[in-house]
Structure formats: C-alpha cells, structure tokens
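With UniProt numbering applied, the sequence shown has no gaps in its numbers, which climb one by one up to 825 at the end. From the three backbone atoms N, C-alpha and C, an ideal C-beta is built for every residue, glycine too. Quick caveat: nothing in here was measured; it's all calculated off a predicted structure. Notes follow once the structure below has been shown.
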Amino acid sequence: MKHTLLAFAFLLIFQNGYSQEQIYSGNYELAARFSPEKMKKLVFSTRVDPHWLKKSDRFWYEFETSKGKNWYLVDPVRKTKSQLFDKDKLAMEITKITKDPVDGLHLKLDDLKFLEDENTIKFKVKGTEDVLKKDWAEIKEKDKSKKDSMEKKTFVFHYNIGNQQLTEITDAAKDPERMSWANIAPDSSKVLFAKKSNLYWMDKANFLKAVKDEKDSTIVEHQLTEDGEENFEYGSSGRGEDNEETEKNKEKRQRVGAYWSTDSKQFVMTRTDQRKVKDLWVIHSTKNPRPTLETYKYAMPGDKEQPITYLMHYSFDSEELSNLPVATFKDQSLNIYNTSATESSRDDDFRPITWLGDLDEFYYAVTSRDLKKVDIYRWNLASNEKELVIEERSNTYIDFLKPEILDNEIVWWSERDGWGHFYLYGKDGTLKRQLTSGAFHSDRVARIDEKGRKLYFVANGREKDEDPYYEHLYSVSLDGGAITLLNSGDFNHSSEINDGATFFVNNYSRVNTAPVAVLKDKAGNKVMDLETVDLSNLFATGYQFPEPFTFKADDGITDLYGVIYKPFDFDSTRKYPIIEYVYPGPQTEAVDKTFSARLDRTDRLAQFGFVVITLGNRGGHPGRSKWYHNYGYGDLRDYGLADKKAAVEQLADRYDFIDKSKVGIHGHSGGGFMSTAAMLVYPDFFKVAVSSAGNHDNSVYNRWWSEKHHGVKEQINAKGDTTFIYQIDKNPDLAKNLKGHLMLSHGSTDNNVHPANTIRVASALIKAGKRFDLVMLPDQRHGYGDMTEYFFWRMGDYFVQHLLGDNTPPPVDMMEMQREKPLTK
Numbered sequence: 001m002k003h004t005l006l007a008f009a010f011l012l013i014f015q016n017g018y019s020q021e022q023i024y025s026g027n028y029e030l031a032a033r034f035s036p037e038k039m040k041k042l043v044f045s046t047r048v049d050p051h052w053l054k055k056s057d058r059f060w061y062e063f064e065t066s067k068g069k070n071w072y073l074v075d076p077v078r079k080t081k082s083q084l085f086d087k088d089k090l091a092m093e094i095t096k097i098t099k100d101p102v103d104g105l106h107l108k109l110d111d112l113k114f115l116e117d118e119n120t121i122k123f124k125v126k127g128t129e130d131v132l133k134k135d136w137a138e139i140k141e142k143d144k145s146k147k148d149s150m151e152k153k154t155f156v157f158h159y160n161i162g163n164q165q166l167t168e169i170t171d172a173a174k175d176p177e178r179m180s181w182a183n184i185a186p187d188s189s190k191v192l193f194a195k196k197s198n199l200y201w202m203d204k205a206n207f208l209k210a211v212k213d214e215k216d217s218t219i220v221e222h223q224l225t226e227d228g229e230e231n232f233e234y235g236s237s238g239r240g241e242d243n244e245e246t247e248k249n250k251e252k253r254q255r256v257g258a259y260w261s262t263d264s265k266q267f268v269m270t271r272t273d274q275r276k277v278k279d280l281w282v283i284h285s286t287k288n289p290r291p292t293l294e295t296y297k298y299a300m301p302g303d304k305e306q307p308i309t310y311l312m313h314y315s316f317d318s319e320e321l322s323n324l325p326v327a328t329f330k331d332q333s334l335n336i337y338n339t340s341a342t343e344s345s346r347d348d349d350f351r352p353i354t355w356l357g358d359l360d361e362f363y364y365a366v367t368s369r370d371l372k373k374v375d376i377y378r379w380n381l382a383s384n385e386k387e388l389v390i391e392e393r394s395n396t397y398i399d400f401l402k403p404e405i406l407d408n409e410i411v412w413w414s415e416r417d418g419w420g421h422f423y424l425y426g427k428d429g430t431l432k433r434q435l436t437s438g439a440f441h442s443d444r445v446a447r448i449d450e451k452g453r454k455l456y457f458v459a460n461g462r463e464k465d466e467d468p469y470y471e472h473l474y475s476v477s478l479d480g481g482a483i484t485l486l487n488s489g490d491f492n493h494s495s496e497i498n499d500g501a502t503f504f505v506n507n508y509s510r511v512n513t514a515p516v517a518v519l520k521d522k523a524g525n526k527v528m529d530l531e532t533v534d535l536s537n538l539f540a541t542g543y544q545f546p547e548p549f550t551f552k553a554d555d556g557i558t559d560l561y562g563v564i565y566k567p568f569d570f571d572s573t574r575k576y577p578i579i580e581y582v583y584p585g586p587q588t589e590a591v592d593k594t595f596s597a598r599l600d601r602t603d604r605l606a607q608f609g610f611v612v613i614t615l616g617n618r619g620g621h622p623g624r625s626k627w628y629h630n631y632g633y634g635d636l637r638d639y640g641l642a643d644k645k646a647a648v649e650q651l652a653d654r655y656d657f658i659d660k661s662k663v664g665i666h667g668h669s670g671g672g673f674m675s676t677a678a679m680l681v682y683p684d685f686f687k688v689a690v691s692s693a694g695n696h697d698n699s700v701y702n703r704w705w706s707e708k709h710h711g712v713k714e715q716i717n718a719k720g721d722t723t724f725i726y727q728i729d730k731n732p733d734l735a736k737n738l739k740g741h742l743m744l745s746h747g748s749t750d751n752n753v754h755p756a757n758t759i760r761v762a763s764a765l766i767k768a769g770k771r772f773d774l775v776m777l778p779d780q781r782h783g784y785g786d787m788t789e790y791f792f793w794r795m796g797d798y799f800v801q802h803l804l805g806d807n808t809p810p811p812v813d814m815m816e817m818q819r820e821k822p823l824t825k
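Dropping the structure here:
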C-alpha cells in the first residue's frame, strides 16, 4: 500500500509538471497563406532596373503593381518620367491584329527593347493559338504526342513612340543576338562557334541564313580545328542528361567562350583538357522507361587528376591557332579578362565580348591551385611573350576581381592590408597609389570615368552606426583624395549607373522597410523620385516586418548581425521554440539586408508557431575584414557553430518568449552541412534539424570550393614532383553524437552536391544505431525544382512534431494548402 501511494504521488507530480507546458498546434493555415504562389499576387516589382539608351542619358524601365504593369521612359536631364505608350490604346491595336482579346491592365510584352533610332521599340506578344513547332519531325521520331509539338504563336511588333504607330513584323526570324551558339565579332563580319568538339566560323551572310534556318544545306562553315575530342573540346561539351541527348548535342552548333580583338581580326580563348578527370554519376529514375545513367566529369579535392587549361590565340591574317606558353603553377587556373563586366544594362543586350587591352596585347590571370598565389600578366602579341604586371601572395586564399584596364593605368582590388581596397598601377606594374583605405570593405567597381578621372565603387562598413553590410555607392579621384558618399541613408543601397557616369538609379530598403527607387546625379543629388513599393495588400493579409538584431560572437568581442522573424499572430506571453536558418558561407551569409517577399525558409516557416532567426558567424561573409572572412580556414566543419549557439543564448536572455530548451536548425547546401554539424557538435543544445542537400563530406564535394575555403597543402618531394594534400573533418565522423531529431534530405540527381554526401551521413548514423529520417526527392537537382513546396511542408511537419510537440496529422493535404486563396483579416 505504501509503495502504491508513493507511485501515485510521483505520477501526480509528473502529470502536474507536464501539464504546465501547453502543447500548441502548428498553424498550417497561416503558413499556407504566404506560399510563393500567393505572394506573387500580393507583391510585384520591388526594384527599378534601368535600361540605359546609348545616344543619351535616358533610360526606360517596367514596373508592376496590383494595377498592372507600366513601362516608363525617364529623361534625367529634363527631369521627366512618362509612359512609353497608352496601355489601353496599345492593347486595342494588338487585339485587332492578333485577334486575341487583351486589355491594358493585363498587357504582357516580352523582350522589349529600343531600336537604333531610339524612337521605336520592338516587343513580342504571345498569342493563344497553338502552332506547330518547326522540329515536329524530330519530336515525332521520339513518339511524343502531338500536344508536345505545339507552342503558342508569337507576334513581333514595332511601335513608333512619336506617331504611336503599331506595326506587325511578319517576316521576323529569330533574333540574331539571341542565337545562343553565336559568338559574333565586333564588326559582325564573322561568327565563331563549336561543333563536334571542334572550332568553326562563318561569315555574316551565312550567319543570316542560319538565323532563318539552322539546317539550310547551303550554309558554308569554315572548320578551324580537327583535334577536338570529347572532354577536350573547343567550346562547351554539349553534354546532356543521357547518352542519346549528348550525342545529338554534338551535332549542333555550340557557344565558344572566345574574346575578340576590337578589329575582329583575332581572338583568344581557353581550352580545357578534362580527359583524365574522374567521372561522377547520377541516375535518372522517373523520366524514361528505363533508369538512365548521367555521367559527368567532377574534380574532387585532393585528386591528382585535374583539368588542364590552355590559352589559345588565333589570327585571321596568319590563319594560325597558337597554344601560348603560359604554364606557371601546377594545376593552375586561367582567367582571360574582357571588357563587359561593368557595362550597364542597355537595350543592346547582346554585345561582342572583346579582350582587355589593345590590338597588340591582352591580360590574363594565373592562379595557383592552393589560391595563395595570383599573377596578372599581359601577353605581348608583338614579342609573343608574357609580361608580369601584378603579383599577389597570401598565407590563406586570395580573393580578387577583374582588373580595370585604362589607357595607361590599371585599377586593381586587393585585401593585402586586411581589407578589400582599390589600388592604381601603371601599365608597367608600378604601384602609383592606394585609392581607398580604412577599416571598411570596398566591394566592386561600378564605373570608371576615365576622362573625369573618377572611380565609382560600391563599399560597405564605412558609415558609422549602420549595419556594416549595408552597401553604398562612392566616388574617389584616380589622382587621390577623399572618398565621396553618393547615396547616404541607413539602408542597403543598390545602384545602377549609366555608361557616362552622369546619373544612377538608386534602389534602397531594409528588411523592415518598403523598397524605394530614386534617380540621382553623379554628385549624389536627387534628381527625381521613381517608385515606392506599395505593400498595402501584403499587410492586409496580416504580414509583419521582421526585426534586425545584433549580438556578440562567442568570443564576446566580434559584433554579429541577424534578423528575427516572428509568427504574425505573435503572443508575447507565450514561449516559442526557436529555429535558426543557417548558411555558413564563406562566400555569403543567409541574412537578408533588403526587403523580400520570397522568404520560405524564414518568415513563412515562423508561421507554424516558431521564432526563426538568420544570423552571421565569424568566417561567414567576404564583405568584412579578411580576418573575419578567413576565420574558418582549415576548420570548415566547426568554425561557425559556437556563434550560432551564442546567438540563441543571448536572445533568450533578452526575450522571455524564446524557449532555449527547444532549439531547431535548418539549412540547405552549405546550410544542410552546418545544421547537421550543429546537431553533432552540440547535441545537448540543438534538438531538431532539417538538413537539405548538404555537403556533409567535403572530400566528395567540388575541388574549387572545398580546397579554397578549407585549404589544401602543396608538397614538393625530392624529385620536384608536386602533390596536393587535402584533409578535412566530416559530419559522418561524429554520427555517434546524435541525440535529437534529424531529418536529412537530398535530390537524387543533384550533380552539384552529390547525393553521396547525405548517403554517407545516413550510413554512419545507421552503423552508430541512431534513429533519423531521410527524404530523397526523385530526379531533383540541387534546388529541388518542382518539389520545393512538398519539401517545405515536410520540413514544417518535422519541426511542428518535434519542437511544438504536436503529433496530430496536418489538417489538409499539403499541396491543397498551397492552392488556397490568400486570406485577409
């Protein structure tokens, strides 16, 4: 009797203690309300993307709101903004020609561009009538249905802005500038391409024939090479998902990444030998009657067999193709520099790619395999020799940008003093001056005004009392002097400057503000307002802005930055589990700095009933000091985890509504890798993880990312032979540590992060006797494609069950949740 009473007393204590913790149901309805498909109907354009015209400072842009899409023409000099056309009248004229009813509110114009007279626009309209594709015979051979051979008829129009005249172009062929295989010379006299692994060219007349009919038997093609072969091609490989597709692609014309001289008489290109690089495979299981094998070359870290890249030069005058002697480092990488990197968006969106330099020289970079050595060379075509211009060295990996080649100078970016900054060199390689300096990060060149001797550049971390990741546009004289801020304001700014560096469009916002676009002049003075995004429909659904926050890294010194997302039905008296959405970098951090309505893994995930945070970590972003960026060098598995743990601890101290006994973590790709590592390194702290497409074993991820960010050791033996040693800690090594709930996920045909990464973790967990969940998505690549929404609901189910303790089945089918109409309060 005594034992019975004691047992009953313990049972009452247990029940009373447990009942004090309320079990909340997952709010599936609220999560469904903000699906990507529904958000597309609530928020439309969020920025102005200017298309600058060539003959003036004018630009046009399109902007969509809940009242439809509008097209505007802006004249910065006159400070005017006007509609390109009357939408209602244009829709009527289009309807007369196409016989398809359309009105101005629902007008859709594709591929709009200004013609050379800059008074006529060209655009396409998709009709409703089905027409037969040209390749019907080919489709029929594959026993496809007639439905697969049909497409919507496309109408091509010219519209004169001056007289408002609409003209249908009935004989319009494929746009030459959109022929993906054609690399057209600057004077349009020649077109370069590859076929059957070799190099070809044709003249303009034959190219125009090919535009009308690629299979025209009268087209004359000039073959330049005969030694091309599979995996040692000129141009792209043409490799498809299966052998039949690959063989068919070899017969087609394909793009060649060549860079022309400005007189169209020469070009340079790289040719890469991958024949010894080892194969990797994925299997397609659902797309064909029988599963098919996809084979591709994939260099892994530490592999002896690596691609070998050659630098080729061809002269149409001498008709010689030369393999230039540029070998400098073992397993080196080559980059040829071209002129198009900083050109603004204009209507002539197709432009020939010319090399950096003049008719007698071009520039290229050679990088060592361990990325600790970078040399910039100028190849002198007259002497047929290379000339060293700039040399960079570091004990960790080197990040670098394309040099900007001026008439007699070079603008070069370097982190040699611990921060990213610009330097001015003479063409002979003599350092003239450091253009930017200080404890901030100069990020990239926006434009160089050579006549005005001004460098326009984007930088962050310079303005006090701001989030150091907020970007701004600055200018500085090439002759030295003070830096000028051109777009002040405590926001993240994105600037599009015109080619003449006279005006720029400035888009700015934070995660908790509506985006705004304004036009400014080169001195930073506002010319006119352009757009302010209307979020009223979004807020009518119950949406609320997230909140930026700061905290200290685990060292107690380094400031880190994050964003906190709450449920839109947030109750401050309630305790919420907390989930971290993570990406460790080091090439970026998963922390948004501008407003976005496309955040499935953050604010939408929170709606189930969680507090979700995104946050940086030491080693996670290149936009700060080099010390910060290289913090994880040599420790790629564990370097960011202590900071992720510190963030939750500090937030829980600040806010009573955070329950630090219920910590979840989620990430994709590198975040998949990090979220699993967190469960294994801190198994008593992180309780639930959903890890998708993670590179859990970086020894089977690609060489370039893994060796760069973790480091590879170059060893030279007594004979002078060079080998590269790669050793790294992996998630499978810690499988025995798992205590909480882990869901692994991967696409079965992921040819970026191979499924072997997740399978190896699963194998180690099974051998360690651990329970976990595994979701394989059939025939999905790295981004999960059309199964993204399915994965979202599986992720939601997992966190609802294991963090909220809600084990009831979801209220309705997960795909039906997506299809529900948006609700208002």
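Quiz prompt | Exposed unless 16 or more other CB atoms sit within 10 angstroms - verdict on G623 | solution = buried
Exercise. Specify the secondary structure class of P809 as computed by DSSP and reduced to three states.
Key: DSSP places P809 in the coil class of the three-state scheme, outside both helix and strand.
Quiz prompt | Collapsed DSSP secondary structure at E531 in the structure displayed | solution = When secondary structure is reduced to three states using DSSP, E531 falls in the strand class.
Quiz item: According to the Cβ coordinates, are V611 and L605 closer than 7 Å?
Solution: No. Outside cutoff.
Practice problem: Give the single residue among W60, K40, T95, K54 whose Cα lies nearest to the Cα of L519. | Solution: Ranking W60, K40, T95, K54 by Cα distance to L519 puts W60 first.
Quiz item: I283: which of D806, G747, K767, Y790 sits nearest, CA to CA?
Solution: The option with the nearest alpha carbon to I283 is G747.
Quiz item: Considering only residues of the region 145 to 224, which uninterrupted beta strand (DSSP E) runs meet the minimum length of 3 residues and lie entirely inside it, listed in chain order?
Solution: 150 to 160, 165 to 168, 190 to 195, 198 to 203
Practice problem: Identify whether W419 lies in helix, strand or coil by the three-state DSSP scheme. | Solution: coil
Quiz item: Can S188 and K204 be called in contact, C-beta distance under 7 Å?
Solution: yes
Quiz item: Skipping 5 residues on each side, what residues in its chain have a beta carbon closer than 8 Å to that of L680?
Solution: Closer than 8 Å at Cβ, skipping near neighbours: N731, L734, A735, N737, L738.
Quiz item: When the distance is taken between beta carbons, is Y364 closer than 7 Å to residue 845?
Solution: Nothing can be reported for residue 845, as the shown portion of the chain is limited to 1 through 825.
Quiz item: Given a threshold of 16 other Cβ atoms within 10 Å of its Cβ, counted over all protein chains shown, does F570 qualify as buried or as exposed?
Solution: exposed
Exercise. Please list the segments of the beta strand (DSSP E) lying wholly inside the region 560 to 626, counting only runs of 3 or more residues, in order along the chain.
Key: 576 to 581, 611 to 615
Self-check item: Own chain, CB closer than 8 Å to D534, minus 5 neighbours either side, in chain order
Solution: Cβ-Cβ distances below 8 Å link D534 to T65, S66, A514 in the same chain, with the five nearest sequence neighbours on each side left out; the list follows chain order.
Practice problem: Please classify Q165: is it buried, with 16 or more other beta-carbons within 10 angstroms of its beta-carbon, or exposed? | Solution: exposed
Quiz prompt | V476 versus V458, V505, L599, residue with shortest Cα-Cα distance | solution = When V458, V505, L599 are compared, the shortest CA-CA separation from V476 is found for V458.
Self-check item: At least 3 beta-carbon pairs within less than 8 Å: the region 676 to 691 vs the region 593 to 603
Solution: Judged by Cβ distances under 8 Å, the region 676 to 691 makes no contact with the region 593 to 603, as fewer than three pairs qualify.
Quiz item: With 16 as the cutoff for other CB atoms within 10 Å, does W281 come out buried or exposed?
Solution: Counting other Cβ atoms within 10 Å of its Cβ, W281 stays below 16 and is therefore classed as exposed.
Quiz prompt | Cβ pair E305, K276 closer than 7 Å | solution = Cβ atoms of E305 and K276: closer than 7 Å.
Quiz item: Who are S477's beta bridge partners in DSSP?
Solution: K454
Quiz item: When you compare only the Cα positions, how much space is there between residue 828 and D659?
Solution: There is simply no residue 828 to check, as the chain begins at 1 and stops at 825 in what is shown.
Quiz item: Should the region 19 to 34 be called in touch with the region 797 to 806, which here means at least 3 C-beta pairs below 8 Å?
Solution: Taking a cut-off of 8 Å for Cβ pairs, the region 19 to 34 and the region 797 to 806 touch, as three or more such pairs fall below it.
Quiz item: Whose CA, out of L359, L324, K626, D603, lies closest to the CA of S264?
Solution: L359
Quiz item: Thinking C-alpha only, which one of E496, D521, F491 is nearest Y508?
Solution: F491
Quiz prompt | As assigned by DSSP and simplified to three states, the class of Y259 | solution = Note: Y259 maps to strand in three-state DSSP.
Quiz prompt | For P76, the nearest candidate out of F504, I665, V445 (CA to CA) | solution = F504
Quiz item: What residues match up with Y508 in a beta bridge as DSSP calls it?
Solution: According to DSSP, which records beta bridges pairwise, Y508 is partnered with H493, V516.
Self-check item: Residue nearest to E531 in terms of C-alpha spacing, selected from D521, N537, V516, A523
Solution: Comparing Cα-Cα distances from E531 to each of D521, N537, V516, A523, the minimum goes to V516.
Quiz item: Any idea if H106 is buried or exposed, counting beta-carbon neighbours within 10 angstroms, 16 or more meaning buried?
Solution: Exposed, since its Cβ has fewer than 16 Cβ neighbours within 10 Å.
Quiz item: If you draw a straight line from the C-alpha of residue 826 to the C-alpha of N460, how long is it?
Solution: As shown, the chain starts at 1 and ends at 825. That puts residue 826 outside it, with no answer to give.
Quiz item: Can you list, in chain order, the stretches of the alpha helix (DSSP H) that have 4 or more residues and sit fully within the region 277 to 319?
Solution: none
Quiz item: Would you say the region 535 to 543 touches the region 618 to 635, given that touching needs at least three Cβ pairs under 8 Å?
Solution: no
Practice problem: Locate the alpha helix (DSSP H) running through T98, then write down its first and last residues. | Solution: Note, T98: alpha helix (DSSP H), 87 to 98.
Exercise. Please report the residue range of the beta strand (DSSP E) in which S691 lies.
Key: 688 to 692
Quiz item: What separation, rounded to the nearest whole angstrom, lies between the Cα atoms of G671 and K152?
Solution: Between G671 and K152, the alpha-carbon positions lie close to 41 Å from each other.
Quiz prompt | Cβ distance (whole Å) where R255 is taken to contact S180 below 8 Å | solution = For a cut-off of 8 Å, the C-beta gap from R255 to S180 is around 6 Å, short enough to register as a contact.
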